[in-house]
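J.: Using our numbering, you'd call the opening residue of the sequence shown number 71 and step up by one each time.
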Amino acid sequence: MNHNKTLPAAIVLIGTLLISGGYAATATTTDPIGDFSFPDITELTATASEGDLIVVITCTDSLIDEHIAGAVFIDADQNYTTGYLDGTGSDYVYLYDVIDIVYADPIKSVTINDDTVDPNTLDVTGNQISITIPLTMLGNDDGDMDIFVTTHTQFAKALHFDRAPDSGVLNTLNGSVRIPYPGNSLAGGTITDLAGDSASPDMTGLDVDVENGIVNIVVTYNQNVEPDDLSYGEDLTGWIFVDADQNLATGFTNTEQAPPTYGIDYRIEYAIGRLTGTDASITKIDYESDLTESGFTPTEGVLLGVPYNDATFKVVANQVFLGIPLGLLGYDDGNMDVVIDSFTLQGSLSGDIDSVPDFGCGALDTSDGSIKPLLNCTYPKVTITDPAGDSSGFGLDGDDLTGVDVCSAGNVLLVTVAYSSLSLDDGAVTTVVFDTDQDPDSVPDYSFIYFMYEGNLGANIVGDFGEGPDVRDATHLITMLGNKMYLSVPAEFLGMTLGAMNIHVETAIEAGDEDLIYDRAPDTGFVSIGSPTKGDLNHDGKITPSDAAIALRIAIGSSPYDEAADVNRDRKVTSLDVLMILQAAVGNIKISS
């Protein structure tokens, strides 16, 4: 639900009056005492007066002779989708740092959006930080803006800090506190993982919830993971995979489970240790890149913490705590699929990785706390075998095909390609050809091409996608496991519908300007799959009330979409489809395939 929520904080609108012909308003919000060690904010006051924005931060203890730092995040246009920093809505970030020098005046460093400004705009007296910013430095704003502030004692950046308000922003004009983009308030879910199922690191739990526009993540380990308790070489890494839109068709990678089921839009990465240090960041698609417009998915890194944003990360004993604003996840509503992998430097070399949920078991669905399973065939599988050793490349380059399996899982086509051997340094290119109009004399409609490059697996789909480029990145749609490649191809990559089609697979190596074909499966002909029989959802060759019951589960969202249930062909399954299947089951109507 998207709504603005006013928090029950102690918010007082101090006054509104005319001063020297200017409009002055003072807004105040309090912050809990003791929620941060030092500097601990107790009150935030903002005043727009006589052409200035005056911000006063009051703390519990004296700030004199101490190193303090922090930032004022200012959303001048009160639009959370715009700003100097992506994901915060802040048009201006006033960054300050005060370093105490013995027998000398403190050194003050002040910037706005990385540009140095007069340090006299900052004053520290007793337990208060006073900041005066001319509105001319804020785009000649009228003084009606949303702000939040942070304090800490770190150099460069901080992942653990005090914040006021604790959640949301304070409006400088009317004193209200609101969550600009609250998303859904979700209990999320908790997964308990078996202790001892991994040597190191050994995760025992994952907790995810969404509240006040923040995704709160707690990862529990079976051992203390604070940096000082880790030996050299035991530096720990965590990768939290987030399918924010719960859509396989989008994303830049997957969770390496087979078959690919989750299109990962964001990967939250953290490191803990003596060599790597303690830090966190997010990898996401770089939508500003020209390559993105060409159908590829280049990625970029997003630093977390002040001064970049208000994401938090801390390690306490055997637990890792992260707070990720929804703005950093594309202003998602909070419904997402989540998987975490954790490993050490040594484990990354040996392949010793712990996963929650366990590898192959799916992902945590934060919308209801359930574990969403991997895709599975909902339509009979077609299998062909290919003789081992018939490749002209002798199987030395990932070129000797031994079999192909094809089936559909709702609106996703699952293809498994087996080889006699497969490794990350193989040089052969594999092409899965989809002839969706079943015309062998025409150019193939779609081709799924994948390859190894410097130990990395890459993939593209070539075809007619209407508007836009004829090539789409498909790396997130393929997983290598053992001597098999698992492909999950959504219908939108194959002309929007999964109808009857012919499929074949071939391996090749580049030889000059041409490709030298190594192997083909089948050796001649095609793997032919038919259109799903409309209404026959349990594939027993007839339409019965059992099929209507399956369609009902799809209609209410408890089962995945199945094209065979869309009997009225409107690309969705509703109660109308359920009724039509039920009518067909009792012989009142006939459903055309």
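For glycine and all other residues, C-beta sits at the position ideal for the given N, C-alpha and C. As the structure is a prediction and not an experimental result, all values here were calculated from the model.
May I ask you to list the residues that DSSP assigns as paired with Val-643?
T.: None; Val-643 has no bridge partner.
J.: Quick one, which of Ile-177, Ile-661, Val-656 and Val-285 has its alpha-carbon nearest Phe-391's?
T.: Val-285
J.: From Asp-640, Leu-419, Asp-407 and Phe-596, pick the residue whose C-alpha is nearest to that of Thr-260; which is it?
T.: It is Asp-407 whose Cα lies nearest to the Cα of Thr-260.
J.: With 16 other CB atoms within 10 Å as the buried threshold, where does Met-650 fall?
T.: When all chains shown are included, Met-650 counts as buried.
J.: Relative to the C-alpha of Asp-277, which candidate in Ile-249, Tyr-302 and Leu-256 has its C-alpha closest?
T.: The option with the nearest alpha carbon to Asp-277 is Leu-256.
J.: What does DSSP give as the partner residue(s) for Asp-277 in the beta ladder?
T.: Thr-260 and Val-288
J.: Taking contact to mean 3 or more Cβ pairs, one atom from each stretch, closer than 8 Å, check whether the region 317–335 and the region 427–447 are in contact.
T.: The region 317–335 and the region 427–447 touch, with no fewer than 3 CB-CB distances between them shorter than 8 Å.
J.: Cβ atoms of Asp-456 and Thr-472: under 8 Å apart, would you say?
T.: yes
J.: Among the candidates Leu-652, Leu-607 and Thr-603, whose CA atom is the shortest distance from the CA of Ser-662?
T.: Measuring from the Cα of Ser-662, the nearest candidate turns out to be Thr-603.
J.: Pick helix, strand or coil for Asp-298, following the three-state DSSP scheme.
T.: helix
J.: Report the three-state DSSP secondary structure of Gln-416 (helix, strand or coil).
T.: Residue state, collapsed to three classes: helix.
J.: Can a CB atom of chain B be found closer than 8 Å to the CB of Ile-573?
T.: Among the protein chains of the structure shown there is no chain B, as only one such chain exists.
J.: Let me know if Val-656 comes out buried or exposed under the rule of 16 or more other beta-carbons within 10 Å of its beta-carbon.
T.: exposed
J.: Quick check: the Cα distance between Leu-208 and Val-288, rounded to an integer number of angstroms?
T.: 37 Å
J.: Along the chain, where does the alpha helix (DSSP H) containing Ala-618 start, and where does it finish?
T.: Element bounds for Ala-618: 615–625.
J.: If you follow the beta strand (DSSP E) that Glu-113 is in, where does it begin and where does it stop?
T.: 111–119
J.: Using three-state DSSP, classify Ile-410 as helix, strand or coil.
T.: strand
J.: Pick out whichever of Pro-189, Ala-328 and Gly-275 has its Cα sitting closest to the Cα of Leu-547.
T.: Answer by Cα proximity: Ala-328.
J.: Hey, Thr-500 and Val-597 are a contact pair by Cβ (cut 8 Å); roughly how many whole angstroms apart?
T.: Not really, about 15 Å apart at Cβ, beyond 8 Å.
J.: When you compare only the Cα positions, how much space is there between Gly-397 and Ser-237?
T.: 13 Å
J.: Excluding the 5 residues preceding and the 5 following Pro-189 in the sequence, name in chain order all residues of the same chain whose CB lies nearer than 8 Å to its CB.
T.: Once the five neighbours on either side are set aside, the close Cβ partners of Pro-189 are Lys-178, Ser-179 and Val-180.
J.: Given this structure, state the Cα-to-Cα distance separating Phe-429 from Gly-375, to the nearest angstrom.
T.: 30 Å
J.: If you follow the alpha helix (DSSP H) that Asp-360 is in, where does it begin and where does it stop?
T.: 360–363
J.: Under a Cβ-count criterion, where at least 16 other Cβ atoms within 10 Å of its own Cβ denotes burial, should Asp-438 be classed as buried or exposed?
T.: exposed
J.: Which residue from Gly-459, Gly-343 and Ala-381 puts its Cα closest to that of Gln-416?
T.: Gly-343
J.: What residue does the beta strand (DSSP E) around Met-215 start on, and which one ends it?
T.: Counting along the chain, Met-215 falls outside any beta strand (DSSP E), and DSSP gives it neither H nor E.
J.: What span of residues does the beta strand (DSSP E) with Gln-389 cover, start to end?
T.: 389–395
J.: The beta strand (DSSP E) that contains Cys-477, what's its start and end?
T.: That run of the beta strand (DSSP E) goes 471–479.
J.: Taking 8 Å as the cut-off, does the region 314–322 touch the region 289–299 (at least 3 CB pairs, one atom from each stretch)?
T.: no
J.: If contact is defined by three or more beta carbon pairs under 8 Å, each pair taking one atom from either stretch, is the region 108–118 in contact with the region 214–224?
T.: Per the Cβ contact rule, the region 214–224 is in contact with the region 108–118 (3 or more Cβ pairs under 8 Å).
J.: Could you check what DSSP says for Ala-655 in three-state terms: helix, strand or coil?
T.: helix
J.: Could you give the first and the last residue of the continuous beta strand (DSSP E) run that contains Met-207?
T.: Segment: none, Met-207 is in no beta strand (DSSP E) and carries neither H nor E.
J.: Mind checking who Thr-560 pairs with in its DSSP beta bridge?
T.: Note on identity: in this sequence residue 560 is Pro, with Thr being the wrong assignment. Pro-560 pairs with Val-482.
J.: What does the alpha-carbon distance come out to for the pair Gly-463 and Val-426?
T.: 40 Å
J.: Three-state secondary structure (DSSP) at Met-71?
T.: Confidence in Met-71 is poor, its pLDDT being 33 and thus under 50, which makes the residue's placement unreliable; the coordinate value appears in the next sentence. DSSP places Met-71 in coil when its eight states are reduced to three.
J.: Taking only runs of the beta strand (DSSP E) that begin and end inside the region 140–207, which ones reach a length of at least 3 residues, in chain order?
T.: 162–171, 174–182, 192–195 and 198–204
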